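Undergrad: Quick one: structure below, then a few questions.
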Amino acid sequence: MSAGVNGATLVRPALAGRVGALEEFNASACMNCGVCTAVCPMGIEVLPRRLFRYVLLGMEDQVLEQIESIYSCLLCKMCEVNCPAGVHIAENVRSLRHHINRTVFGL
């Protein structure tokens, strides 16, 4: 991980670029408010707050540790509808699934 000014962690867009076009993968808008986890019918706590940060920081190993959560998501968009930042959570999860299907499962 790269450190920026005052020790801040820099976004490393390579993984985000492989997951989906940066314009579509808008996870950087996440404010970590927790609304998404509060309304999730599956009770998934890692999506999207931590998971999308892992993607933006290029932490692919940490992303892959969350495969169960990624595939447990119903894509119901309850999180997305309630997100005050307008993060496209369901589309981001779909992009992650596509990336994992391609790179991990060879589909």
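Throughout the sequence shown, residue numbering follows the working numbering, covering 5 to 111 in sequence. Even for Gly, the Cβ is constructed at its ideal location relative to N, Cα and C. Because the structure is a prediction, the values reported are computed rather than measured.
Below 8 Å, how does it come out for the region 63-75 and the region 35-42: are there three or more Cβ pairs, yes or no?
TA: Not touching, per the Cβ criterion.
Undergrad: Do the CB positions of Gly47 and Leu19 come within less than 7 Å of each other?
TA: Contact flag unset, no.
Undergrad: Go ahead and pull the three-state DSSP assignment for Asn86.
TA: It is helical.
Undergrad: How is the alpha helix (DSSP H) around Ile93 delimited, first residue to last?
TA: Counting along the chain, the alpha helix (DSSP H) containing Ile93 begins and ends at 93-107.
Undergrad: Less than 8 Å between the CB atoms is what I'm expecting for Val108 and Leu68, so what's the real figure, rounded?
TA: The pair is a contact, with the Cβ atoms about 7 Å apart (cut-off 8 Å).
Undergrad: Below 8 Å on the Cβ atoms is my contact criterion, and I expect Gly90 with Ala31 to pass it. Report the Cβ-Cβ distance as a whole number of Å.
TA: With a Cβ gap of about 11 Å, Gly90 and Ala31 do not count as contacting.
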